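8 protein chains.
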Amino acid sequence: MADEMKNLGFARLDMSREERTGLPETIYCPGKTIEQLIGILRVFSEKGTAVLGTRCTSEQADAAKAAGLSVTYDALSRTLRLDGPAPAELPGSVAVCTGGTADIPVAEEAARTAEYFGAPVERFYDVGVAGLHRLIRCVDDIRRAHVVIAVAGMEGALGSVVAGLVKTPVIAVPTSVGYGASFNGLSPLLSMLNSCAEGLSVVNIDNGFGAAVQACRILNLIRNHHE
Amino acid sequence: MADEMKNLGFARLDMSREERTGLPETIYCPGKTIEQLIGILRVFSEKGTAVLGTRCTSEQADAAKAAGLSVTYDALSRTLRLDGPAPAELPGSVAVCTGGTADIPVAEEAARTAEYFGAPVERFYDVGVAGLHRLIRCVDDIRRAHVVIAVAGMEGALGSVVAGLVKTPVIAVPTSVGYGASFNGLSPLLSMLNSCAEGLSVVNIDNGFGAAVQACRILNLIRNHHE
Amino acid sequence: MADEMKNLGFARLDMSREERTGLPETIYCPGKTIEQLIGILRVFSEKGTAVLGTRCTSEQADAAKAAGLSVTYDALSRTLRLDGPAPAELPGSVAVCTGGTADIPVAEEAARTAEYFGAPVERFYDVGVAGLHRLIRCVDDIRRAHVVIAVAGMEGALGSVVAGLVKTPVIAVPTSVGYGASFNGLSPLLSMLNSCAEGLSVVNIDNGFGAAVQACRILNLIRNHHE
Amino acid sequence: MADEMKNLGFARLDMSREERTGLPETIYCPGKTIEQLIGILRVFSEKGTAVLGTRCTSEQADAAKAAGLSVTYDALSRTLRLDGPAPAELPGSVAVCTGGTADIPVAEEAARTAEYFGAPVERFYDVGVAGLHRLIRCVDDIRRAHVVIAVAGMEGALGSVVAGLVKTPVIAVPTSVGYGASFNGLSPLLSMLNSCAEGLSVVNIDNGFGAAVQACRILNLIRNHHE
Amino acid sequence: MADEMKNLGFARLDMSREERTGLPETIYCPGKTIEQLIGILRVFSEKGTAVLGTRCTSEQADAAKAAGLSVTYDALSRTLRLDGPAPAELPGSVAVCTGGTADIPVAEEAARTAEYFGAPVERFYDVGVAGLHRLIRCVDDIRRAHVVIAVAGMEGALGSVVAGLVKTPVIAVPTSVGYGASFNGLSPLLSMLNSCAEGLSVVNIDNGFGAAVQACRILNLIRNHHE
Amino acid sequence: MADEMKNLGFARLDMSREERTGLPETIYCPGKTIEQLIGILRVFSEKGTAVLGTRCTSEQADAAKAAGLSVTYDALSRTLRLDGPAPAELPGSVAVCTGGTADIPVAEEAARTAEYFGAPVERFYDVGVAGLHRLIRCVDDIRRAHVVIAVAGMEGALGSVVAGLVKTPVIAVPTSVGYGASFNGLSPLLSMLNSCAEGLSVVNIDNGFGAAVQACRILNLIRNHHE
Amino acid sequence: MADEMKNLGFARLDMSREERTGLPETIYCPGKTIEQLIGILRVFSEKGTAVLGTRCTSEQADAAKAAGLSVTYDALSRTLRLDGPAPAELPGSVAVCTGGTADIPVAEEAARTAEYFGAPVERFYDVGVAGLHRLIRCVDDIRRAHVVIAVAGMEGALGSVVAGLVKTPVIAVPTSVGYGASFNGLSPLLSMLNSCAEGLSVVNIDNGFGAAVQACRILNLIRNHHE
Amino acid sequence: MADEMKNLGFARLDMSREERTGLPETIYCPGKTIEQLIGILRVFSEKGTAVLGTRCTSEQADAAKAAGLSVTYDALSRTLRLDGPAPAELPGSVAVCTGGTADIPVAEEAARTAEYFGAPVERFYDVGVAGLHRLIRCVDDIRRAHVVIAVAGMEGALGSVVAGLVKTPVIAVPTSVGYGASFNGLSPLLSMLNSCAEGLSVVNIDNGFGAAVQACRILNLIRNHHE
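Residue numbers (my numbering), protein chains in the order written: chain A, 47 to 273; chain B, 47 to 273; chain C, 47 to 273; chain D, 47 to 273; chain E, 47 to 273; chain F, 47 to 273; chain G, 47 to 273; chain H, 47 to 273.
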């Protein structure tokens with residue numbers, strides 16, 4: 047098992063993750079001080095590899111830029127990308143769907159993470175089940191993708207409906223979009239877990255990143271299986 | 047306000063409910079001893095009015111029959127009906143839909159309650175969203191109804207999808223069908239409350255009866271409005 | 047099925063909703079950027095139809111005004127109305143009741159939405175059950191309405207008490223008014239779902255909008271039934 | 047502080063509770079083996095004092111009788127009384143009200159406990175808020191009591207409505223009567239805790255016993271204050 | 047039943063509460079606009095009666111003063127008192143105890159409400175069960191009170207321990223003091239409801255006001271019983 | 047879209063699911079009467095296709111056999127298989143791991159469902175994280191699988207640990223194994239959703255079936271991608 | 047690291063746990079078939095070591111005896127002990143306290159597990175905080191123990207009170223004793239986690255076993271520190 | 047029992063805690079006004095003893111410094127230390143481990159509290175189970191400690207994995223690190239309570255302080271046992 051590690055005291059960096067898991071390194075930014083985050087980014091910068099930071103605040107991003115690091119920040123998806131060599135392209139493609147407009151930030155976290163990992167992504171936004179004709183018009187396009195990421199808040203029914211319409215694995219992402227009895231995403235989380243449709247698995251509330259990793263592990267599997 | 051009441055000690059019977067609310071009397075059977083239930087039925091039997099008991103066990107029903115009361119029991123819906131004059135027919139009709147086969151007992155409680163109140167009922171069972179073509183084939187028929195009762199467990203997406211397809215009021219009934227993270231119906235309850243579709247209101251888990259009362263109050267309104 | 051749609055990328059607008067559902071278009075404002083909201087309003091402005099935005103912040107409203115759109119904002123109910131032709135008046139009327147003064151913002155969301163849809167509305171505020179004589183003095187007036195919307199926080203008993211006093215359908219709206227064990231509206235939500243009174247159905251916590259849609263679908267049904 | 051204690055190994059009996067708290071001894075029967083329960087009853091029997099067991103099963107009661115103890119069992123309230131001298135009568139009286147028939151077992155636990163402690167009790171059963179005229183007819187009688195115990199399941203609105211109608215302290219007892227979103231009594235518990243009415247305090251779900259103790263401590267206070 | 051009412055549109059003021067319930071009027075301030083609050087205060091000011099506002103913010107209080115009303119504000123307990131004739135003194139006394147220092151604001155809401163109603167109050171602060179000797183040193187003083195209000199957050203054990211040491215009714219107030227698994231007061235709320243001690247009833251989390259009303263209804267009962 | 051359907055009244059059978067989704071038909075047995083289940087099995091028997099019933103009770107299985115249907119029942123996994131042509135073998139393989147012995151029934155539901163769909167399955171039971179050496183000894187074998195299903199109750203840490211050790215997608219199945227604060231599987235469900243490891247998605251508590259469908263959709267994708 | 051393992055297919059037995067952790071082997075019996083349990087016991091029997099099974103049903107115990115294994119079963123604590131050499135005695139002692147009689151089965155699980163591990167145990171049963179004098183009489187004896195295990199249901203205040211009275215580590219075990227708002231042990235669990243007393247840590251609801259292991263690890267530490 | 051107490055009105059200071067419990071005094075800062083906190087610090091300053099304040103805000107710390115008190119503040123761990131004589135060193139050592147970087151503030155609260163009590167502390171940060179090789183590299187060092195404090199958020203698996211690798215008692219601290227379905231630390235709390243590993247006990251979410259007290263009571267026990 048490849049397990050090179052760099053111990054910074056506050057963090058032990060996994061320097062051989064790509065070799066071990068097939069997907070490049072990422073950083074979970076919350077709870078890291080600006081000094082810690084910059085310290086971590088420098089290690090990767092010196093190593094010459096790209097890295098993606100998720101849930102990055104604009105303050106963290108600004109500080110990274112001010113420290114002279116070569117980074118790109120996307121405020122909508124809260125992702126920070128340290129420049130580096132592009133990953134090998136993954137085979138197949140990922141469809142990212144949302145129930146509504148308010149789910150787009152989570153969907154973009156998924157889409158940009160997948161793109162960082164080398165996956166082609168197609169976006170289908172605001173296709174929630176309240177107006178079924180919106181979804182039905184896209185269904186042939188969605189079916190062409192190899193993995194579907196269904197992002198929805200409120201009652202989260204998009205996951206079930208999509209999983210019933212396609213052959214491919216569907217990864218459902220509940221979002222905290224909603225109010226009252228959505229209890230910050232509990233409602234769509236339970237919906238997706240209890241789906242009467244098959245072929246659906248679920249990640250944490252607002253976890254676009256996790257859905258993208260799972261999608262890319264699947265695409266990676268296709269690549270590896272036929273090499 | 048019509049408020050004739052008969053006090054049996056353990057129960058105070060509302061003898062003028064039909065006059066006051068437009069809908070005939072019903073009995074909630076759980077927690078009543080067999081003696082209490084028979085006592086209540088006798089009061090209505092002597093008055094010469096029909097009455098519907100809900101959530102009635104087969105033991106309660108058998109005891110009522112053994113006591114010489116003229117009753118009919120339906121085990122699937124757990125309803126017990128004391129014979130009496132048929133109610134005036136309500137205008138319009140009620141569509142009762144279910145997500146799956148296991149939701150039928152709750153749907154039948156709704157359907158039989160509505161029929162007891164005088165409403166014509168049409169049943170659309172096993173039209174859940176995992177196989178959308180099942181629902182879409184029925185949608186023109188469902189649209190013809192005046193009120194729709196959507197009964198579903200698991201993730202309860204049926205309510206949202208139906209409400210997006212019809213013009214009429216939809217009353218959603220979450221059921222305790224499911225397991226694990228359905229938490230005995232919490233999952234479809236939250237889904238239905240958080241529906242991104244409009245035109246949906248919700249009753250308690252497994253409360254087919256309550257949905258039927260609400261539907262019949264609506265039909266009654268049509269009748270009253272034009273008398 | 048009328049299903050004209052306009053795809054803005056971040057939103058797919060349902061341009062034929064009024065034709066399909068009998069009620070005009072509305073916009074759920076949360077989670078939409080100012081640019082997105084203005085983009086959507088422009089589409090309707092150009093089409094020449096009115097539209098109602100709910101849960102609109104004052105920042106969103108100010109931006110819409112600054113963008114030259116002809117809109118009216120009501121801060122209490124957080125509704126934003128794009129000017130346009132008035133809807134056809136609905137038959138019947140809606141009574142909107144609140145338990146207390148603090149429930150009025152939610153009640154006003156319901157009342158203004160119903161008015162936007164063309165329904166006459168009568169308001170009965172601060173008639174909670176702790177001082178029953180306040181409610182009893184209004185009960186004859188409330189009974190004259192065709193649909194009752196009962197808005198209450200804390201223990202939410204207003205729904206049950208009202209539903210026991212009227213013949214018409216009651217739509218109960220739990221509010222997040224309260225503290226401690228109200229758990230942001232969970233307490234009145236559960237109360238309303240478990241009502242021992244009949245003829246009550248429930249919408250999401252603080253969802254005045256949803257109650258109004260359901261009420262207007264009912265009034266619309268009266269209109270359609272007799273056309 | 048009077049603190050005579052008898053240690054049976056599995057239980058340390060408080061032999062001077064009446065002296066210390068003003069109210070005689072009681073036994074919580076669940077989780078005690080038949081041998082343990084009989085052992086405890088014997089201690090009190092030998093001491094010559096009465097004692098009341100609550101939540102006693104019929105098996106426990108039968109075993110106590112078979113062991114030759116002079117006990118009386120009431121199956122409805124699940125109370126077992128070891129014969130002994132009657133307590134001094136408490137001043138004032140307790141009104142015990144229920145929302146419905148199914149709440150009566152809990153109400154009887156309260157009523158019989160209060161009677162065991164020497165309090166006069168008046169019962170008002172099935173006066174729930176869904177048919178307000180039932181309650182209003184009794185309200186003058188209820189007002190004559192010194193303490194009111196309001197027992198209700200489902201949405202538990204009885205507590206609020208009663209507390210708004212009387213001057214005396216109201217002790218609310220939520221019951222597990224109901225189904226679905228009552229979550230075994232959580233719904234009326236939250237209702238009673240969040241009451242918009244004043245003068246209401248709450249005990250555990252189905253805890254008729256605890257309500258009676260609180261009521262009798264209040265009556266005892268009247269007695270002591272004027273001795 | 048005395049039921050004089052004044053309808054301000056946004057509020058229906060109960061002008062005869064003291065006559066009906068024996069305790070003077072109070073105002074729940076949250077969710078009222080400054081205009082509404084001042085409007086209500088003016089009604090009572092013109093009537094010449096005192097009134098107590100609870101959970102009043104300093105902004106509300108400042109505005110009331112600026113409007114020329116004769117009010118006194120206590121920031122710790124968040125109570126606002128409109129000057130007026132002092133109430134008749136209640137017989138007996140109330141002991142207000144807290145587990146810790148952080149519970150004092152809730153305790154002061156209870157103490158000042160009780161004092162407003164005319165009850166003598168004695169305070170026992172920071173007597174939590176972690177250092178039992180602190181409580182035991184006060185126990186003889188606490189026993190002299192007629193009603194005990196036990197205010198505690200975290201695990202809320204104070205209620206049980208105190209109820210086991212006194213003869214009088216104990217009203218337990220859980221507070222939101224704590225963090226993590228206290229879940230904003232759920233932990234002490236459940237503790238107090240499940241107390242193994244007798245003679246305890248419970249009000250909402252942080253509801254010092256409600257505890258004081260219940261305590262004063264009890265003292266009022268002593269007064270009335272012997273008039 | 048292939049959408050042949052057979053309407054039995056209580057169920058609408060999806061006769062072209064294999065064509066549409068790539069995986070053969072299955073039946074969810076709970077909530078179906080014996081008559082309903084046999085009716086459904088007969089349809090498939092007459093069509094000459096195999097079908098797998100999940101969560102089947104021994105009573106249902108015995109009745110199916112008694113009705114002359116050619117079925118095989120496995121009590122441990124509660125699966126019932128109607129004999130029929132074997133499916134085409136899927137490429138790759140599925141590793142099914144459990145934390146403990148008590149998780150095996152859920153794991154077997156997953157394993158037998160995957161085998162019914164044509165996937166080779168390897169079992170790794172009782173490799174929970176409390177004794178890490180048990181898992182580490184198997185890790186090279188687990189890595190050879192194309193998809194990993196990690197089944198665990200109690201704290202459900204197996205999912206995280208496995209996902210950190212392999213490159214392939216991991217589907218985590220929380221089980222209801224445990225007691226107390228596992229709250230019937232809530233604990234492992236939350237653990238798996240909050241995993242700090244990447245490459246993990248989650249299905250419902252005890253939903254071995256759902257994990258297998260997701261795994262086989264992934265394997266099916268490999269097949270389809272290269273045809 | 048000592049890591050001898052025996053793989054039975056359904057279970058991988060840790061044959062060197064005593065060497066690795068200092069405490070002998072135990073078996074968690076739930077979810078194991080009788081055949082599996084006997085198979086595991088035989089492995090240890092053949093190895094000649096004692097083993098303790100917890101949460102063992104009487105059916106499992108009877109089957110083990112019938113299979114000729116030399117075992118002892120204690121129904122109260124649900125422990126099954128396979129005979130074998132006694133462990134070396136641990137230094138110090140463990141005090142096991144309960145709030146009430148109904149907590150004794152959990153306490154006995156703790157006590158017998160600790161005894162199996164070689165720790166001297168002293169029992170203090172029914173010393174709950176409702177009658178504080180019962181606890182205070184024992185406190186000098188409890189202080190002499192090296193570790194205290196505090197077992198309590200209902201509100202679980204025993205943990206806090208004891209931890210405030212002793213210098214030693216206290217391990218608190220919430221039990222499912224109680225009803226209503228104890229929510230199967232949630233109430234004492236939260237109490238113990240939120241204790242205002244220091245020196246308390248908590249194990250799962252009803253987990254007497256886990257408390258004993260932690261206590262014995264502590265005693266083992268004393269032994270090891272001074273060898 | 048040593049029980050010297052100083053009553054400040056708002057707080058009753060335990061002046062003999064060290065004598066009674068073996069560990070010096072600490073202050074829980076939340077909910078204390080700046081005046082109260084300074085008042086308490088002055089008492090200890092005058093007595094000449096050190097004291098540690100936990101969860102201290104920077105405002106509180108600045109005010110203490112401005113008041114002329116000799117204090118040291120650590121912002122990361124939110125601890126404030128009043129200078130005073132160093133405690134006697136405790137025997138043995140404490141290992142403090144974290145799952146990730148974001149758990150460090152809680153870990154530092156534990157570490158600094160333990161150091162204040164006289165315990166040697168070794169830190170192992172960012173050794174979470176997603177990259178098991180990070181933990182395995184430290185395991186021999188962790189085993190050398192006498193007590194292990196395992197601090198982790200998200201799924202909190204660190205506790206189980208560590209407890210399975212060491213002989214010593216493990217005290218698990220769930221943290222509120224995470225989002226979505228971590229529900230502010232509920233997820234790791236449940237994980238740690240349901241651990242399949244033995245030798246683990248748990249404190250409140252984010253309660254590094256409580257873990258340190260428990261650890262030091264254990265070390266103190268070693269000291270006392272051999273004096």
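Cβ atoms here follow ideal geometry from the backbone N, Cα and C, with glycine treated the same way. The model shown is predicted, which means the values in this text are computed figures rather than measured ones.
With at least 16 other beta carbons inside 10 angstroms of its own, E201/H counts as buried. Look at M61/E here: in three-state DSSP terms it is coil, with no helix or strand label.
The region 197 to 212 of chain C and the region 243 to 257 of chain A do not touch, with fewer than 3 CB-CB distances between them shorter than 8 Å. If you draw a straight line from the Cα of L98/G to the Cα of V140/F, it is about 35 Å long. Counted as a single uninterrupted DSSP element, the beta strand (DSSP E) harbouring K52/G occupies residues 51 to 53. Contact of V207/A with chain B is assigned, a C-beta pair being separated by under 8 Å.
Taking a C-beta distance under 8 Å as the contact criterion, A261/D and A165/D qualify as a contact pair. Cβ proximity to chain E below 8 Å picks out N250, I251, D252, N253 from the region 241 to 254 of chain H. Membership of D120/C in any alpha helix (DSSP H) is not indicated; the residue belongs instead to the beta strand (DSSP E) covering 117 to 120. Put simply, the region 117 to 126 of chain F does not touch the region 223 to 238 of chain F. Fewer than three CB pairs are less than 8 Å apart.
Cβ-Cβ distances below 6 Å link A218/B to A196, G205, M238, L246, V248 in the same chain, with the five nearest sequence neighbours on each side left out; the list follows chain order.
Taking 8 Å as the cut-off, the beta carbon of G77/G is found closer than this to the beta carbon of A148/F. Judged by DSSP in its simplified three-state form, L235/D adopts helix. Inclusion of V212/G and V194/G in the CB contact set at 8 Å is warranted, their separation being smaller than that value.
In the structure shown, R189/E falls within a helical segment according to DSSP collapsed to helix, strand and coil. Neighbourhood of Q82/D in chain E, by CB distance below 8 Å: empty, with the nearest CB roughly 17 Å away. Between G146/G and V216/G, the CB-CB gap reaches or exceeds 8 Å. Judged by beta-carbon spacing, I264/D lies within the 8 Å limit of L267/E, meaning their Cβ atoms are closer than that value. Inclusion of E161/E and V167/E in the CB contact set at 8 Å is warranted, their separation being smaller than that value. Against chain D, the beta carbon of G224/E has no neighbour under 9 Å; the closest one sits roughly 18 Å away.
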